[in-house]
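Student: Here the sequence shown stands for residues 990 to 1406, where the numbers follow my numbering. The following block contains the structure, expressed as structure tokens.
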Amino acid sequence: MINLFINNKDTKFVNEIKMFEKAHSEVLSIAQKGEMQYEDSQGWLDTEEWANQKQLERIEELVKEIQDRADIFVLIGVGGSNNSARSVIEAIQKEGTPKIIYAGNTLSPNALNKILNQLEGKSVYVNCIAKNFETLEPGASFRILRKYLYRCYGNEANERIIVTGTKGSSLEVLCEENGYRFLEFPVNIGGRYTAMTNVGLLPMAVAGIDIRELVKGAHDMQKQLREQRAENNIAYEYACIRNLLYQKGYRIEMLSSFEPQFRWFYKWWIQLFAESEGKEDKGIFPVSSEYSEELHSVGQFVQDGSPILFETFLDVKEQQDSLLVERDGVKDYFDYLDGKDFWEVNKAAYHATVTAHSEKLPCFTLQIDTIDAYHFGQLFYFFQFACYLSCKIMGVNAFDQPGVEAYKVGMFQALGK
Ligand code: PA5
């Protein structure tokens, strides 16, 4: 379950949101049905299409072998081909599962050498994920990793390579020619919307994540958001709030949390909104803040700086960890903490921050019950659907990314492609 709270106690603002919601409700009913004009990009709208029983079974079969044989699983992928898996794995990976290493997201020789150094003496499997296999980073990393695998395992390397690519792509041909195993990258979903497909689910499952729970979370959220009317649809409410604030001149949204387990989820969220919304000279720039650490850096700007941003807190309702601050007999002037639980201390910091920031800027809270696979599934579907709605209200195509091509022209020219 996800709840949305408006933290500012300003009735005029709350009424404005209600009016905005009434005025745009047609957007919701169109999005709930899905649109013909985006049919090549909306394979994620129904989780059944790419995360059904058959697909989950195939993933589980592969995972059994990988978990039995691999010490290290290298995920080669960039952007949408990496971010969803990484955000869940880095938050809730199960102990005793293969170490996950990320490649295909950098061109830095320093970073790539560090990756290779970690592989020495270990049993390695590689999953190369790319929609059309033209992107430079995964293509270059795959070469390096293939060479490494052939050096270590000879022809057995072929069994250790799993490729996630679209049917008919050059990556599929490469698999056929070399005997790598092939998983389908949905042709009708862009990378940043692929959490609930082979792209996100295989690496997550290797890391011991309960992908059936994850898919269930997404599916329950899908049912809720595609059926509920505008008055009580939280994705629609969130999309309307963002657009109302955008019209009022706010250009930055900060996603903040007091739980560092969301560190990599921020990256997924930033990609989703930046690539979907930032076009035609429009869009809200997404940034993140990891509290309480960054209260001691960006916190100053948020409270006192240019009034250009609004803040969305990601909060967790149920206590899931505990650590008591015990007395130790040393006079350190922190006696007020004696006997308190860090959970309670962290929450006190959260509530005080929400109160202080709400005096300065629009602040909202998205609250989940707990951090687990089910709620990650809920969050993925929630933000994807909300992002689609937000783009529709703003009048941009949520599913293309023409702006990322500009730099590539010069880069490919310099490299002689
Ligand atoms: O969301 C998207 O479509 C993009 O950000 C892609 O995920 C990213 O560019 C990686 O593309 P590919 O999987 O083709 O390497």
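Glycine included, each C-beta is placed from N, C-alpha and C at the ideal position.
Are the stretch 1078-1086 and the stretch 1209-1225 touching by the rule of at least three beta carbon pairs closer than 8 Å?
Tutor: Because the criterion of three Cβ pairs below 8 Å is not met, the stretch 1078-1086 and the stretch 1209-1225 do not touch.
Student: Quick one: residues in its chain with C-beta nearer than 7 Å to the C-beta of S1379, no 5 flanking neighbours on either side, listed in chain order?
Tutor: Cβ neighbours of S1379 beyond the five flanking positions: A1228, R1231, N1232, E1266.
Student: Rounded to whole angstroms, how far is the Cβ of E1270 from the Cβ of E1307, which I believe are closer than 8 Å?
Tutor: For clarity, residue 1270 is Asp in the given sequence; the question names Glu instead. Rounded, the Cβ-Cβ distance is 42 Å, inconsistent with contact.
Student: For P1275, which beta-bridge partners are listed by DSSP?
Tutor: DSSP lists E1242 as partners of P1275.
Student: Just to confirm, is the Cβ distance from A1242 to F1299 under 9 Å?
Tutor: The residue asked about is misnamed: residue 1242 is Glu in this sequence, not Ala. Result yes, Cβ atoms of E1242 and F1299 sit closer than 9 Å.
Student: Is it right to say M1210 is buried, meaning 16 or more other beta carbons lie within 10 angstroms of its own, or is it exposed?
Tutor: So M1210 ends up on the buried side.
Student: For I1382, count neighbouring Cβ atoms within 10 angstroms of its own Cβ and tell me buried if that reaches 16, exposed if not.
Tutor: By the 10 Å Cβ count, I1382 comes out buried.
Student: Taking only three categories from DSSP, how would you classify T1086?
Tutor: Three-state result, T1086: coil.
Student: By the three-class DSSP mapping on this structure, what secondary structure does N1116 have?
Tutor: In this structure, N1116 counts as strand in the three-state DSSP scheme.
Student: Grab the span of the beta strand (DSSP E) containing F1251 for me, first residue to last.
Tutor: Here F1251 belongs to no beta strand (DSSP E), and DSSP marks it neither H nor E.
Student: Could you work out which residue in A1403, F1365, E1145 is closest to R1170 when comparing CA atoms only?
Tutor: The shortest C-alpha separation from R1170 is found at E1145.
Student: So, is M1193 buried or exposed, given that buried needs 16 or more other C-beta atoms within 10 angstroms?
Tutor: Under this definition M1193 is a buried residue.
Student: Report the three-state DSSP secondary structure of E1079 (helix, strand or coil).
Tutor: If DSSP states are grouped into helix, strand and coil, E1079 belongs with the helices.
Student: In the DSSP assignment, find the beta strand (DSSP E) that holds G1405 and state where it starts and stops.
Tutor: Careful: G1405 lies outside any beta strand (DSSP E) and carries neither H nor E.
Student: Looking at R1132 and the ligand PA5, is the gap between the Cβ and the nearest heavy atom below 8 Å?
Tutor: No - the ligand PA5 has no heavy atom lying nearer than 8 Å to the Cβ of R1132.
Student: For my contact list, R1149 and V1204 are in at a C-beta cut-off of 8 Å; report their separation, rounded to the angstrom.
Tutor: In fact, because the Cβ distance is near 27 Å, the residues do not count as touching under 8 Å.
Student: May I ask you to report which of helix, strand or coil DSSP gives G1384?
Tutor: Here G1384 sits in coil by DSSP.
Student: Once you ignore the five residues that flank G1238 on each side, which residues in its own chain have a CB closer than 6 Å to its CB?
Tutor: Taken in chain order, the list of residues that qualify is empty.
Student: Only counting runs of 4 or more residues, tell me where the alpha helix (DSSP H) segments fall wholly within the stretch 1149-1221, in order along the chain.
Tutor: Taking only runs of at least 4 residues, the alpha helix (DSSP H) segments lying wholly in the stretch 1149-1221 are 1159-1167, 1187-1195, 1200-1216.
Student: Which same chain residues, not among the five before or five after Q1412, have their C-beta less than 8 Å away from its C-beta?
Tutor: Outside the shown range of the chain (990 to 1406) lies residue 1412, about which nothing can therefore be said.
Student: Say whether the stretch 1114-1123 touches the stretch 1147-1166, bearing in mind that this needs 3 or more beta-carbon pairs closer than 8 Å, one atom from each stretch.
Tutor: Yes: at least three Cβ pairs fall under 8 Å.
Student: Residues in its own chain within less than 7 Å of L1160 by CB, not counting five upstream and five downstream?
Tutor: So the qualifying residues of the chain are A1119, F1122, V1152, G1154.
Student: For K998, collect the residues of the same chain with a Cβ closer than 8 Å to its Cβ; drop the 5 residues on either side in sequence, then sort them by chain order.
Tutor: The answer, listed in chain order, is S1347.
Student: Is the Cβ-Cβ distance between L1261 and L1051 less than 9 Å?
Tutor: The answer is no: Cβ separation not under 9 Å.
Student: In angstroms, rounded to a whole number, what distance separates the CA positions of E1015 and Q1026?
Tutor: So the two alpha carbons sit approximately 16 Å from each other.
Student: Please report the distance separating the alpha-carbon of N1102 from that of L1134.
Tutor: So the alpha carbons of these two residues sit roughly 11 Å apart.
Student: For F1002, does the three-state DSSP call read helix, strand or coil?
Tutor: Three-state DSSP puts F1002 in a helix.
Student: Are the CB atoms of G1093 and I1065 nearer to each other than 9 Å?
Tutor: The answer is yes: Cβ separation under 9 Å.
Student: Counting only the same chain and skipping the five closest in sequence on each side, list residues whose C-beta sits under 8 Å from that of T1036.
Tutor: If we look at T1036 and ignore the five residues flanking it on each side, its Cβ neighbours are M1185, V1204, A1207, H1208, Q1211, Y1370.
Student: Closer than 8 Å: is that where the CB of E1024 sits relative to any heavy atom of the ligand GTP?
Tutor: This structure does not include the ligand GTP; its bound ligands are the ligand PA5.
Student: Thinking just about the alpha-carbon of each residue, which of L1096, K1083, R1132, L1138 is nearest to the one in G1110?
Tutor: Ranking the options by Cα distance to G1110, first place goes to L1138.
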